[in-house]
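For the sequence shown, the working numbering gives the first residue as 48, with consecutive numbering after it.
Have a look at the structure below before the remarks.
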Amino acid sequence: MNTFIELSNIRVLYALISKDLYVMRTKMKDICINGIVLTLCQTALFGIFFPQIGMPEKLVASIYLGTVTNLIFSLNNALAVRILFDVHRVHFIEYQMVLSINTMWLLASYILSMMIEIILSSIPSIVFGFLLLQSYIDLYAIRIIPFIGIYLLSLACLSTFFLSMCIRYPFTWYLDNIWPRRFLLLINCGCVFFPWFNVYNVSPTLGYLLLCNPVTYISEGLRAAALPHTQTLPLWICAAVLLSLMPFLILLLYKSAQKQLDPVFEQGKL
């Protein structure tokens with residue numbers, strides 16, 4: 048019986064992901080254009096304008112990697128707003144909950160769809176950004192497998208977190224308050240716009256405080272994988288922290304779904 052239920056969950060999950068992929072294919076032109084525009088703007092800033100106004104060349108690559116964190120953070124927020132509208136206004140998720148799929152599997156389909164769309168949107172900025180900024184980034188030194196691993200782990204953490212937030216909070220409260228009260232502190236104090244060791248060298252106390260922010264480990268993890276010759280937090284520490292966060296994020300998602308979705312229905316399916 049359990050095997051049959053798991054197979055049913057997998058079949059429905061596959062169908063939901065296939066539906067989302069079909070929708071993404073219809074938007075592929077827009078996704079590609081957005082990625083190209085973003086890549087050109089960012090590489091112009093970091094390859095031309097910022098060095099011209101005095102940014103040290105050794106910081107160009109590190110801060111550019113930080114903007115990748117900012118990019119996937121912003122893309123997650125954009126997708127979360129779309130899901131927020133569905134959960135609290137359209138209620139399409141209530142139809143999906145009637146399908147023969149466990150609710151956590153259904154939420155997993157949302158996470159996977161978010162990750163896939165963010166990958167499609169951010170890959171041009173990452174790949175072509177590296178190529179256009181190769182005078183600042185040693186392409187041969189990039190550890191590709193660790194970079195892909197920490198990138199996917201970061202996406203999984205952020206997508207789970209954002210999905211929890213858009214389910215947990217009311218529609219208007221999320222739109223009005225979530226960015227200044229939750230996300231702004233995470234992104235501004237997450238070593239996105241500056242390397243962690245630069246802060247630590249000036250103020251060790253402030254550096255240790257920044258380690259309390261999970262986004263720091265995303266930013267530094269990407270730097271450690273792409274810029275192994277620069278001073279960053281060790282990659283294994285960043286990966287270990289993000290992996291240890293996943294159970295708490297999944298629990299947060301579980302509690303959010305239990306709080307906001309039909310409680311009678313959830314008792315039988317969560």
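Just so you know, even glycine gets a beta-carbon here, dropped at the ideal spot from N, CA and C.
Contact check for Leu179 and Ala304: beta-carbon distance about 42 Å, past the 8 Å limit, so the pair fails to qualify. In terms of Cα proximity to Leu269, the closest of Thr252, Leu289, Leu256 is Leu289.
Put simply, the region 292 to 301 touches the region 205 to 214. At least three CB pairs are less than 8 Å apart. Around the beta carbon of Gly113, a 10 Å sphere encloses 16 or more other beta carbons of the protein chains shown; the residue is thus reported as buried.
Where Ile83 is concerned, the enclosing alpha helix (DSSP H) starts and stops at 75 to 91. The residues Met161, in chain order, have a CB closer than 6 Å to that of Leu126 in the same chain once the five nearest residues on each side in sequence are set aside.
A straight line joining the alpha-carbon of Val107 with that of Pro217 spans about 40 Å. Contact between Pro171 and Cys79 holds: their C-beta atoms lie close to 7 Å from each other, under 8 Å. At the C-beta level, Gln307 and Gly176 stay beyond 8 Å of one another.
Take the alpha-carbon of Tyr247 and the one of Cys204: they are about 25 Å apart.
Boundaries of the alpha helix (DSSP H) harbouring Ile214: 191 to 215, taken from the DSSP string. Just so you know, the alpha carbons of Arg136 and Thr219 end up roughly 11 Å apart. The region 274 to 283 and the region 116 to 135 do not touch, with fewer than three beta-carbon pairs separated by less than 8 Å. Scanning its chain for C-beta atoms nearer than 7 Å, with the 5 sequence neighbours on each side dropped, one finds around Ser168 the residues Ile78, Asn81, Gly82, Leu122, in chain order. In the three-state reduction of the DSSP assignment, Gly101 falls in the coil class. Per DSSP, the unbroken alpha helix (DSSP H) holding Gly176 starts and ends at 150 to 179.
By the C-beta density criterion, Phe93 is buried, having at least 16 other C-beta atoms within 10 angstroms.
Less than 8 Å separates the beta-carbon of Ile173 from that of Val115. A residue is called buried once 16 or more other Cβ atoms fall within 10 Å of its Cβ, and Cys259, having fewer, is exposed. Residue environment analysis places Pro261 among the buried positions, since at least 16 neighbouring C-beta atoms fall within 10 angstroms of its C-beta. One alpha carbon belongs to Ala272, the other to Arg190, and they sit about 5 Å apart. Pro242 counts as buried, since no fewer than 16 other beta carbons sit within 10 angstroms of its beta carbon. In the same chain as Pro275, and ignoring 5 residues on each side of it, the C-beta atoms closer than 7 Å to its own belong to Ala188, Arg190, in chain order.
Sixteen is the threshold: since fewer than 16 other Cβ atoms of the shown chains lie within 10 Å of the Cβ of Ser250, the residue is exposed. Note on geometry: alpha-carbon atoms of Phe120 and Ile110 lie some 15 Å from one another. For Glu267, same chain residues with a beta-carbon under 8 Å away, outside a window of 5 residues either side, are Cys238, Pro242, Trp243, Thr279, Leu280, Cys285 in chain order.
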